[in-house]
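Asker: Here my numbering runs 85 ahead of the position in the sequence shown, where the first position is 1.
Glycine is no exception: its CB is placed at the ideal position from the N, C-alpha and C atoms.
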Amino acid sequence: MGIDSSEDAYDPNSVVDKWTAIWDELGVYQASDGDAARSYVVSMFPYPSGDLHMGHAEVYSISDAIARYLRMRGQNVLNGIGWDSFGLPAENAARKRGLDPREWTYANIETQARSFRRLGVSFDWRTRLHTSDPEYYRWNQWLFLRLFAAGLAYRKAAAVNWCPNDQTVLANEQVIGGRCERCGAVVVQRPLTQWFFHTTGYAQRMLDDMAQLAGHWPNEILAMQRNWIGRSVGAYLSFELDGGDAVRVFTTRPDTLFGATFLVVAVDAALAAELVSDGQRAAFETYREQAATATELERLAADRPKTGVFLGRYAIHPATGERVPVYAADYVLAHYGTGAIMAVPAHDQRDLDFALVHALPVRPVIDTGEPDPRETDVATEGEGRLIDSGEFTGMPSTEAGRAIVERIGAEEAVTYRWRDWLISRQRYWGTPIPIIHCDRCGLVPVPDGELPVRLPDSGYVLRPTDGKSPLASATDWVNVDCPQCGGSAQRDTDTMDTFVDSSWYFLRYPNPTYEEGPFDPAGLARWLPVDEYIGGREHATGHLMYARWLTKALHDLGLLPFTEPFTRLTNQGQVIMNGKAMSKTLGNLVNLQEQIASYGPDAVRVTMVFAGPPEDDIDWADVSPAGAVKWLSRVWRLSGSLLPSTGESDGDLQRAVHRLIAETTSAMDGRRFNVAIARLMELTTVLRKASPSDPATREGVEALAAMLSCFAPFTAEEMWERLGHAPSVCRRPWPVADPTLLVTDSATCVIQINGKVRDKLTVPADVSESRLRELALSTERVRAALGSSEVTRVVVRPPSLVNIVAA
């Protein structure tokens, strides 16, 4: 009879309050100042748009499993928590409800904090911070001023994504399908004078420093960042215009110069407005207005129809002397290169699509061995030998590019697609930009002693109708004396993109009350950089890029001793429902609190991490916490069914326990939490069949309780207490497998004939291939099954398999 005979009822919710109080009293999750090796674990912090949702449960179940495991492996772990509490959703919610954004935001923070405790996440609550606190955004402003002094923060006019409904600038990643991701309004391009961070000056370092991350970050994320930065090696070429001046273009394929049959200028580039002839100006202005409704990502889409307008100008081809027309189009970007390209339709698909629409010449100049693009409407974009290219005809394209550059005196260059970071937002609920505008002195930094520049509590209109920031309506706040000349001046009325807040919050967790600077140098030395960072892949080209850039900028300013913020990155997928993202519109939302109330926090956490590898999406329609509840109830009953140990341990049981400890440990090290839980389930099955008085059974149940605490902390604590131990189980070291018990002296060999099992043998674990073949062919069952059949082949896989092929 196995030991699982207890009829005790497992109540997954009854012990939550009990253990959260004990954890707080004992301070078991507080990082210490001792000499133990440290591990700094950070999850991308939440936005307080309401209570925690299913996605939060997933990411924090993963990060908490990591933090708990590292503690039990002897690491001094700092697991921080804060709230990314500024931003557009809170302001929109406040407008809708007639509330102050503070009221909405801080109420949601408290709701989420209670839910985190109910989930049992092992945060060190001393790290708690909110980016909307003046004590935090003071240092946002302080960092801005250091970047401004270094020339890394600047102001300029630019075309930006503008949401006419929310009345604010949007980042590229906030525009989905040409619409505002928050309200769904069609986004337009609008010229505004805005604040930027000069990120592009770090483009090459961002690429080079990926060497530090290789093997520790997912390859997919690094590839996405490389593509986003978009490094291009090529040359600048000059095309003289009829009537004087010249157009300077950037190309990555100077070897295709002889195939250039027209030029294209970005429709929103200042150059296009300068070049257009009087006769074409009306058509150009109409087209520019139409193009302003498309986002950058839409403009770059390969399958988008290629539109444009002739500018009424011609340029002189630098190699052939031919006159080529100049067009404006939206598939060229103003910030890429010079905002102008030479179009080679035979060897660039976008150029070819444009040429076909506008009946422009297509001239192949590289023989790639592929069909002629004039016959297939498919550009040949590879390399080969030059044709119809004057003196360069016959040269390999790899050599011809450099030869052409030298021949015409062009300039070799490297360019990047990555843009400077636009940080201005025309919203109230954000960090005020600490700059004063003075007619005499220009842009004047707010003195450090006057920081923070606090948001006004009153006197502003939260939803202005003139397209200006709500702060512009707070005239008593806006009008100030200039710190330099004492004359009348005005505060800057934009607030910072909330990505600024989230680019350095992890630097403040070690000491969130530090008042001498944005982060405590002792905390940096002790904990940074982050050892384990956990969050979604959707942040690859946004938050993760910004955090990497700011870390490098602060390093160059002498404020940080490292250049990469996150040593190791773990991505989690999304929690979806019936194959689609959860949303109110689709009506497929799953309420986290209802799931916890029905099944308990441990079962929800186990379900999240058992559903698949962390990076995979979880379709909640395909899983159910009910199965986790059944397993946890069996595990819990094990701890109450043991008898006093008698005699020696069963050797096979002891070996099974230690094998499963070793396999669980290996899975945890590889962050394969679903595999780890599978091994714990296997261990549960082994122990339920074991004698309740066998010493190996108690050893196995105690190991199971300890390892389970990474995923189901409340159940594990109850088990540990029922086993007679003082709290907390997380203070127990991670079980270590005895290597001598992992050695297998013998093995079971399965013998198949034509794929069907005919016999099994117990053989030495180190049996040779020839000996195993001999033994398999000599058994009575195998000889009987073969009869008169001829053995044509024998496949031997020592020590576990022999497959005999017979005809």
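#1: For Leu793, does the count of other Cβ atoms within 10 angstroms reach 16, so buried, or fall short, so exposed?
#2: Counting only the same chain and skipping the five closest in sequence on each side, list residues whose C-beta sits under 6 Å from that of Ala610.
#3: From the DSSP output, in three-state form, read off Cys815 for me.
#4: Could you give the distance in angstroms between the alpha-carbon of Glu535 and the alpha-carbon of Gln569?
#5: Could you round the C-beta distance between Leu204 and Ala142 to whole angstroms and report it? I think they count as a contact, below 8 Å.
#6: Using 9 Å as the threshold, is the C-beta distance between Leu163 and Tyr594 below it?
#7: What's the gap between the Cα of Leu255 and the Cα of Ile508?
#8: Based on the DSSP secondary-structure assignment, which residues constitute the bridge partners of Lys841?
#9: What's the call for Lys669, buried or exposed, on a 16-neighbour Cβ count within 10 Å?
#10: Kindly list the residues whose CB is nearer than 6 Å to the CB of Val100, restricted to its own chain and excluding five residues on each side of it in sequence; keep chain order.
#11: Tell me whether Ala428 is buried or exposed, calling it buried when 16 or more other Cβ atoms sit within 10 Å of its Cβ.
#12: Is it buried or exposed, Ile703, if we count other Cβ atoms within 10 angstroms and call 16 or more buried?
#13: Find the nearest neighbour of Val828 within the set Glu854, Val814, Val771, Ala741, judged by alpha-carbon distance.
#14: What is the rounded straight-line gap between the Cα of Val531 and the Cα of Gln226?
#15: Just to confirm, is the Cβ distance from Lys241 to Gln279 under 9 Å?
#16: To the nearest angstrom, how far is the alpha carbon of Tyr545 from that of Asp561?
#17: If you run the structure through DSSP and keep just helix, strand and coil, what is Arg199?
#18: Is Glu496 buried or exposed, if buried means 16 or more other CB atoms sit within 10 Å of its CB?
#19: Mind checking who Val394 pairs with in its DSSP beta bridge?
#20: Give the single residue among Asp353, Val890, Leu237, Glu305 whose Cα lies nearest to the Cα of Leu642.
#21: Going by alpha carbons, who is nearest to Val708 out of Gly664, Ala682, Asn177?
#22: In terms of alpha-carbon separation, which member of Ala832, Ala377, Val411, Ser587 lies closest to Gly263?
#23: Distance check for Asp737 and Ala832, CA to CA, integer angstroms please.
#24: Output needed for Asn888: all residues of its chain with C-beta closer than 6 Å, excluding positions within five of it in sequence on either side, in chain order.
#25: According to DSSP, simplified to helix, strand and coil, what is His624?
#26: In this structure, does DSSP put Glu473 in helix, strand or coil?
#27: Do the CB positions of Val675 and Met139 come within less than 9 Å of each other?
#28: Mind listing, in chain order, the continuous beta strand (DSSP E) runs of no fewer than 3 residues lying wholly within the segment 651–679?
#29: Mind reading off the beta-carbon distance from Arg757 to Pro698? Whole number of angstroms is fine, and I expect it under 8 Å.
#30: Counting pairs of beta carbons, one from the segment 476–492 and one from the segment 345–360, are three or more of them closer than 8 Å?
#31: Given Glu460, which residues of its chain have a CB within under 8 Å of its CB, disregarding the five upstream and five downstream residues?
#32: In chain order, what residues of the same chain have a beta carbon less than 8 Å from the beta carbon of Met86, not counting five sequence neighbours either side?
#33: To the nearest angstrom, report how far apart Arg878 and Asn312 are at their CA atoms.
#34: Check for me: the beta strand (DSSP E) holding Val113 runs from which residue to which?
#35: From Phe324, Val332, Gly422, pick the residue whose C-alpha is nearest to that of His402; which is it?
#36: What residues in its chain sit with their C-beta under 6 Å from that of Leu137, if we drop five residues either side in the sequence?
Answerer: By the coordinates alone:
#1: Working through the sequence shown from its first residue, we reach residue 793 at position 708. By the neighbour-count rule (16 or more Cβ atoms within 10 Å), Leu793 is buried.
#2: Sequence index remark: in the sequence shown, residue 610 carries index 525 (1-based). Nothing listed; no residue qualifies.
#3: In the sequence shown, the residue the question calls residue 815 occupies position 730. In the structure shown, Cys815 sits in a helix (DSSP, three-state: H, G or I).
#4: Walking along the sequence shown from the start, residue 535 turns up at place 450. Walking along the sequence shown from the start, residue 569 turns up at place 484. Spanning the two alpha carbons is a distance of roughly 13 Å.
#5: Numbered from 1 along the sequence shown, position 119 holds the residue referred to as residue 204. Numbered from 1 along the sequence shown, position 57 holds the residue referred to as residue 142. Their Cβ separation, rounded to whole angstroms, is 7 Å, which keeps Leu204 and Ala142 in contact under 8 Å.
#6: As a working note, residue 163 is residue 78 in the sequence shown. As a working note, residue 594 is residue 509 in the sequence shown. Yes, these two residues count as a Cβ contact at 9 Å.
#7: In the sequence shown, the residue the question calls residue 255 occupies position 170. In the sequence shown, the residue the question calls residue 508 occupies position 423. Roughly 9 Å between the two C-alpha positions.
#8: In the sequence shown, residue 841 corresponds to position 756, counting from 1. According to DSSP, which records beta bridges pairwise, Lys841 is partnered with Ile838.
#9: Start at 1 with the first residue of the sequence shown, and residue 669 comes out as number 584. Lys669 comes out exposed.
#10: Looking up residue 100 in the sequence shown gives position 15. Excluding residues within five positions, the ones whose Cβ falls inside 6 Å are Phe799, Glu803.
#11: Within the sequence shown, the letter at position 343 stands for residue 428. With 16 or more Cβ atoms within 10 Å of its Cβ, Ala428 is classed as buried.
#12: Taking the sequence shown and counting its residues from 1, one reaches residue 703 at position 618. Looking at its Cβ environment, which holds 16 or more other Cβ atoms inside 10 Å, Ile703 is buried.
#13: What you label residue 828 is simply residue 743 of the sequence shown in a count that begins at 1. Answer by Cα proximity: Ala741.
#14: Locating residue 531 in the sequence shown gives position 446, counting from the first residue. Locating residue 226 in the sequence shown gives position 141, counting from the first residue. Near 9 Å, if we compare the C-alpha coordinates of Gln226 and Val531.
#15: Taking the first residue of the sequence shown as position 1, residue 241 is located at position 156. Taking the first residue of the sequence shown as position 1, residue 279 is located at position 194. Contact flag set, yes.
#16: Here residue 545 is taken as the residue at index 460 of the sequence shown, counted from 1. Here residue 561 is taken as the residue at index 476 of the sequence shown, counted from 1. Approximately 9 Å between the Cα atoms of the pair.
#17: Looking up residue 199 in the sequence shown gives position 114. In the structure shown, Arg199 sits in a helix (DSSP, three-state: H, G or I).
#18: The residue given as residue 496 occupies position 411 in the sequence shown. Exposed, because fewer than 16 other Cβ atoms sit within 10 Å of the Cβ of Glu496.
#19: Numbered from 1 along the sequence shown, position 309 holds the residue referred to as residue 394. Ala413.
#20: By one-based count along the sequence shown, residue 642 stands at place 557. Answer by Cα proximity: Leu237.
#21: On the sequence shown, residue 708 is found 623 positions in, with the first residue counted as 1. Of Gly664, Ala682, Asn177, the residue nearest in Cα terms is Gly664.
#22: Position 178 of the sequence shown, counted from the first residue, corresponds to residue 263. When only C-alpha atoms are compared, the closest one is Ala377.
#23: The sequence position of residue 832 within the sequence shown is 747, counting from 1. The sequence position of residue 737 within the sequence shown is 652, counting from 1. Each residue's Cα considered, the two are about 13 Å apart.
#24: Indexing the sequence shown from 1 puts residue 888 at position 803. Hits under 6 Å: Gln837, Val880.
#25: Here residue 624 is taken as the residue at index 539 of the sequence shown, counted from 1. Looking at His624 - three-state DSSP - the assignment turns out to be helix.
#26: On the sequence shown, position 388 is the one that residue 473 refers to. The sequence shown places Asp at residue 473, not Glu. Here Asp473 sits in coil by DSSP.
#27: As a working mapping, residue 675 is identified with position 590 in the sequence shown. As a working mapping, residue 139 is identified with position 54 in the sequence shown. Yes, the pair counts as a contact, with Cβ atoms nearer than the cut-off.
#28: 651–657, 660–662
#29: Looking up residue 757 in the sequence shown gives position 672. Looking up residue 698 in the sequence shown gives position 613. So it is a contact: roughly 6 Å between Cβ atoms.
#30: no
#31: On the sequence shown, position 375 is the one that residue 460 refers to. Nothing meets the Cβ criterion.
#32: Here residue 86 corresponds to residue number 1 of the sequence shown, with the count starting at 1. A caution first: Met86 carries a pLDDT of 39, below 50, which makes its placement in the model too unreliable to give a value.
#33: Taking the first residue of the sequence shown as 1, we reach residue 878 at position 793. Taking the first residue of the sequence shown as 1, we reach residue 312 at position 227. Spanning the two alpha carbons is a distance of roughly 51 Å.
#34: For this step, residue 113 is matched to residue 28 along the sequence shown. Taken as a continuous stretch (DSSP letters only), Val113 belongs to no beta strand (DSSP E), as it is neither H nor E.
#35: To locate residue 402, count along the sequence shown from 1; it is residue 317. Answer by Cα proximity: Phe324.
#36: Counting from one through the sequence shown, the residue named residue 137 turns up at place 52. Excluding positions up to five away in sequence, the list reads Gln197, Ser200, Leu677.
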